[in-house]
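Enquirer:
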Amino acid sequence: MTSRRTEWTAAAAIMLVALVLRAYPLHVPYIHPDQEWVPRMALRSILDRSWKPGSALWPAGPYPSGYLYTLRVAYLTAYGAGKVIGWYQHRSDLVAAFVVYPFRFLLAGRLFSCFLGIATVGLTMGLGRTLFGPRAGLVAGALLAPGLLHVRESHYGSLDVPATAFAVATLWAAERARREGSLLALGTAGALAGCAAGYRLQIGVVALALPAAEVLSASRRPPLRVACRLAVASLIALATFGLLSPYTLLEFPSAGAALHDALRSNYAFAGPPSLQLVELLRCGAGTVVCVLTVIGLVAGLSATPKATLTLLAGVAPYALALAFSGRLLARYTVPLFPAIATLAACGVEALARRAPRRARGLALGALVAVAASGPLARSIALDRLLAREDTRLAASRWIVSHIPSGETILIVFPGWFSMPSLPSDEETRRLWGPEVAARVAARRSVSYHLRSYGLDGGELDPNRPPARWIVTAEHP
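Taking our numbering, the leading residue of the sequence shown gets 1, the next gets one more, and so forth.
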């Protein structure tokens, strides 16, 4: 039996691994295709003095506004402090600071994802402990901490990691509600499910763990009482979601249409085929962990069927939705990895129990080491790669150093993922308006005229190039 002190020591070591893998290298600026999207919307909403997400330039689309509001509050706090110090006189100064040097603003989102990514490891340990016991909780944390895709997304400011953290907390609270019968635990699970949906709408299906917890509860209740308890939890979930994403409810027809378009683009995707879900799970968690998950699923259904079914009720619908999607991005799988680690921990314990009694601890440690070694090596390699300077930043610095201000530069088009970020007063004016453009121009000494030559160069006549300089880049 694991002693309390040993358990806390092991948990602290696991959290330290999670911290190191996710916090390094926060000090290095790097570019991610999606990480500027929500910060720009947050700054636009600050500039417009409106909490309504989206604009003609950056429409909110089908996404809830939880992450946008988080960044908006962080940026407004920084603006208030900067105004007291004397850094900012107007909200346009805040936006100009972002345009000139976005790293400090992107760092806020990255710190938020990093913190909640680390917290998810702790929450997964708590979930595993409640479901399958103390050792399973530690093993679940040890398997999630080095997981490649969870580590990768914890580096970026994105919607997925915060939603995943709240989803795991929902599953944990739902299991406690199933065991204890507490309305407080059920209401807490509802609030957490509303938070998960407020950051990423699709993750809201984790709320299905609540009716499963009530149906499978250790306390037998009349159906009417069960319905009333679920109604209370649902109202709490809806209120929490409405607090984080009010315009999804206030403008439901347009939000529903945007969500419909997004789902259609995913499930009727006509582009190149994505990797299959199984391949992405193997990439993100490791092949050994995936095998242990299957073993743990069988063992869990046999030993603790009600707890395992409650977990599956909150996770399986999302996994099935991904399995049938025609456009499956790797980051979409992140919410699955805590549940995978938890079931894999059950599998590790089931296999370790087959060893002789005196060798069970050694067998458990060996299984964890084998399962975690591959993901750990890949996550370390990722961190080392991210610690290197982004080549697009190096290219931008070279261009600014060698090409005179005012020159015309031919590029694919502004904002293309593989292009270096180049200073352009015209582009700033188009995106942010003349007031911000004037403040940006006062902060930097170089500006270029950017002209697009199209993805395939069809807009460019090689015999009569419209400029002396051209920047070509390929997205890997």
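Even for Gly, the Cβ is constructed at its ideal location relative to N, Cα and C.
Going by C-alpha distance, which of Pro25, Ala359 and Ala145 is nearest Ala12?
Expert: For the purposes of this step, residue 12 is identified with residue 12 of the sequence shown, where counting begins at 1. Selected option, being the one with the closest Cα: Ala145.
Enquirer: So the alpha helix (DSSP H) Leu410 belongs to, where does it begin and stop?
Expert: The residue labelled residue 410 in the question sits at position 410 within the sequence shown. Careful: Leu410 lies outside any alpha helix (DSSP H), inside the beta strand (DSSP E) at Thr408 to Ile411.
Enquirer: Among the candidates Leu328, Phe132, Pro246 and Arg397, whose CA atom is the shortest distance from the CA of Arg179?
Expert: Translated into the one-based positions of the sequence shown, residue 179 becomes position 179. If we check each option's Cα against that of Arg179, Phe132 comes out closest.
Enquirer: Cα-Cα, which of Lys306, Val412 and Leu329 is closest to Asp34?
Expert: Position 34 of the sequence shown, counted from the first residue, corresponds to residue 34. Nearest C-alpha to Asp34: Leu329.
Enquirer: Under the DSSP definition of a beta bridge, which residues are partnered with Arg451?
Expert: Working through the sequence shown from its first residue, we reach residue 451 at position 451. Answer is Leu410, bridged to Arg451.
Enquirer: Beta-carbon separation of Arg489 and Ile399 under 9 angstroms?
Expert: Given that the chain is displayed from residue 1 to residue 476, the structure contains no residue 489 and the question cannot be resolved.
Enquirer: Exposed or buried, Met1, counting other C-beta atoms within 10 Å across all chains shown (16 or more means buried)?
Expert: If you number the sequence shown from 1, residue 1 lands on position 1. Residue confidence for Met1 is low, a pLDDT of 48 falling below 50, so the modelled location carries little weight; the figure read from the coordinates is stated next. Under this definition Met1 is an exposed residue.
Enquirer: According to DSSP, is Ile236 part of a helix, a strand, or is it coil?
Expert: Your numbering for residue 236 matches position 236 in the sequence shown. Of the three classes helix, strand and coil, the one that applies to Ile236 here is helix, per DSSP.
Enquirer: Note down, in chain order, each residue of its chain lying with its Cβ closer than 7 angstroms to the Cβ of Ala233, except the 5 sequence neighbours on either side.
Expert: Counted from its first residue, the sequence shown places residue 233 at position 233. Closer than 7 angstroms at Cβ, skipping near neighbours: Leu186, Gly187, Ala189, Gly190 and Leu210.
Enquirer: May I ask you to report which of helix, strand or coil DSSP gives Ile340?
Expert: Start at 1 with the first residue of the sequence shown, and residue 340 comes out as number 340. DSSP places Ile340 in helix when its eight states are reduced to three.
Enquirer: Bridge partners for Ile470 per DSSP, in chain order?
Expert: By one-based count along the sequence shown, residue 470 stands at place 470. Leu410.
Enquirer: For Leu422, which residues from the same chain have a beta carbon less than 7 angstroms from its beta carbon, with the 5 sequence-adjacent residues on both sides left out?
Expert: As a first step, residue 422 must be located in the sequence shown, where it is residue number 422. So the list reads Ser396, Ile399, Ile409, Tyr448 and Leu450, once near-sequence residues are dropped.
Enquirer: With a threshold of 16 other CB atoms inside 10 Å of the CB of Thr293, please say whether the residue is buried or exposed.
Expert: Numbered from 1 along the sequence shown, position 293 holds the residue referred to as residue 293. Buried is the call here.
Enquirer: Is it the case that the Cβ atoms of Ala142 and Val291 are separated by a distance below 9 angstroms?
Expert: Translated into positions along the sequence shown, residue 142 becomes position 142. Translated into positions along the sequence shown, residue 291 becomes position 291. Not closer than 9 angstroms, so no.
Enquirer: What distance in whole Å lies between the Cβ atoms of Ile236 and Gly194, which are believed to be in contact at a cut-off of 8 angstroms?
Expert: One-based indexing of the sequence shown puts residue 194 at position 194. One-based indexing of the sequence shown puts residue 236 at position 236. Right, the Cβ-Cβ distance comes to about 7 angstroms (below 8 angstroms), so this counts as a contact.
Enquirer: Looking at the secondary structure, which residues open and close the alpha helix (DSSP H) in which Phe252 lies?
Expert: Position 252 of the sequence shown holds residue 252. Element bounds for Phe252: Phe252 to Tyr267.
Enquirer: Classify Val479: buried if its beta carbon has 16 or more other beta carbons within 10 angstroms, exposed otherwise.
Expert: Any answer about residue 479 is impossible in this case: the structure gives the chain only from 1 up to 476.
Enquirer: Helix, strand or coil: which one does DSSP assign to Met1?
Expert: Sequence index remark: in the sequence shown, residue 1 carries index 1 (1-based). Low confidence applies to Met1: its pLDDT is 48, below 50, so where it sits in the model is not reliable, and the reading given next is rough at best. Looking at Met1 - three-state DSSP - the assignment turns out to be coil, as it is neither helix nor strand.
Enquirer: Are at least three pairs of beta-carbons, each pair with one atom in the stretch 157 to 164 and one in the stretch 96 to 115, less than 8 angstroms apart?
Expert: Yes, the stretch 157 to 164 touches the stretch 96 to 115.
Enquirer: Less than 9 angstroms between the C-beta atoms of Ala299 and Ala350, yes or no?
Expert: Within the sequence shown, numbered from 1, the residue matching residue 299 stands at position 299. Within the sequence shown, numbered from 1, the residue matching residue 350 stands at position 350. Result yes, Cβ atoms of Ala299 and Ala350 sit closer than 9 angstroms.
Enquirer: Would you tell me roughly how many angstroms separate the C-alpha atoms of Ala140 and Leu362, rounded to the nearest one?
Expert: The residue labelled residue 140 in the question sits at position 140 within the sequence shown. The residue labelled residue 362 in the question sits at position 362 within the sequence shown. When rounded, the distance between both Cα atoms is 17 angstroms.
Enquirer: Say the cut is 8 angstroms; is the CB of Gly86 nearer than that to a heavy atom of the ligand FAD?
Expert: Within the structure as shown, the ligand FAD is missing, as the structure has no ligands at all.
Enquirer: Hey, quick one: how far does the alpha helix (DSSP H) through Trp51 stretch, first residue to last?
Expert: On the sequence shown, position 51 is the one that residue 51 refers to. First-last for Trp51: undefined, no H or E at that position.
Enquirer: Give me the residue from Leu201, His150, Gly198 and Ala207 with the minimum Cα distance to Ala177.
Expert: Residue 177 sits at position 177 when you count from the first residue of the sequence shown. Comparing Cα-Cα distances from Ala177 to each of Leu201, His150, Gly198 and Ala207, the minimum goes to Ala207.
Enquirer: Between Gly147, Leu297 and Gly181, which has its C-alpha nearest Leu376's C-alpha?
Expert: As a working note, residue 376 is residue 376 in the sequence shown. Residue Gly147 is the option with its Cα nearest to Leu376.
Enquirer: Sort Leu238, Tyr101 and Tyr75 by Cα distance to Ala108 and report the nearest one.
Expert: Reading the sequence shown from its first residue, position 108 is the one you call residue 108. If we check each option's Cα against that of Ala108, Tyr75 comes out closest.
Enquirer: Verify whether the separation of the beta carbon atoms of Ala97 and Arg443 is less than 9 angstroms.
Expert: Residue 97 sits at position 97 when you count from the first residue of the sequence shown. Residue 443 sits at position 443 when you count from the first residue of the sequence shown. Closer than 9 angstroms, so yes.
Enquirer: Below 6 angstroms CB to CB, which residues in the same chain sit around Glu514 once its five sequence neighbours on both sides are set aside?
Expert: The structure shown has nothing for residue 514, since the chain only spans 1 to 476.
Enquirer: Answer with buried or exposed for Tyr199, where buried requires no fewer than 16 other C-beta atoms within 10 angstroms of its C-beta.
Expert: Along the sequence shown, one-based indexing puts residue 199 at 199. Buried, because 16 or more other Cβ atoms sit within 10 Å of the Cβ of Tyr199.
Enquirer: In this structure, how does DSSP classify Asp425 when only helix, strand and coil are distinguished?
Expert: Position 425 of the sequence shown, counted from the first residue, corresponds to residue 425. In the structure shown, Asp425 sits in a helix (DSSP, three-state: H, G or I).
Enquirer: Nearest-angstrom Cα distance between Asp425 and Gly86?
Expert: Taking the sequence shown and counting its residues from 1, one reaches residue 425 at position 425. Taking the sequence shown and counting its residues from 1, one reaches residue 86 at position 86. The straight-line gap from Cα to Cα measures roughly 25 angstroms.
Enquirer: Please report how far the alpha carbon of Leu47 lies from the alpha carbon of Val99, in whole angstroms.
Expert: To locate residue 47, count along the sequence shown from 1; it is residue 47. To locate residue 99, count along the sequence shown from 1; it is residue 99. Those two C-alpha atoms are separated by around 13 angstroms.
Enquirer: Among Arg327, Pro335 and Lys306, which has the Cα closest to the Cα of Ala319?
Expert: Taking the first residue of the sequence shown as 1, we reach residue 319 at position 319. Looking at the Cα atoms, Pro335 is the closest of the given residues.
Enquirer: So the candidates are Leu281, Gly128, Ala352 and Met15; which of them puts its Cα closest to the Cα of Leu322?
Expert: Against the sequence shown, residue 322 aligns to sequence position 322. Taking only the C-alpha atoms, the option nearest Leu322 is Leu281.
Enquirer: If you run the structure through DSSP and keep just helix, strand and coil, what is Leu320?
Expert: Position 320 of the sequence shown, counted from the start, is the residue given in the question as residue 320. In the structure shown, Leu320 sits in a helix (DSSP, three-state: H, G or I).
Enquirer: Quick one: what does DSSP say Arg464 is sitting in, helix, strand or coil?
Expert: Taking the first residue of the sequence shown as position 1, residue 464 is located at position 464. Coil.
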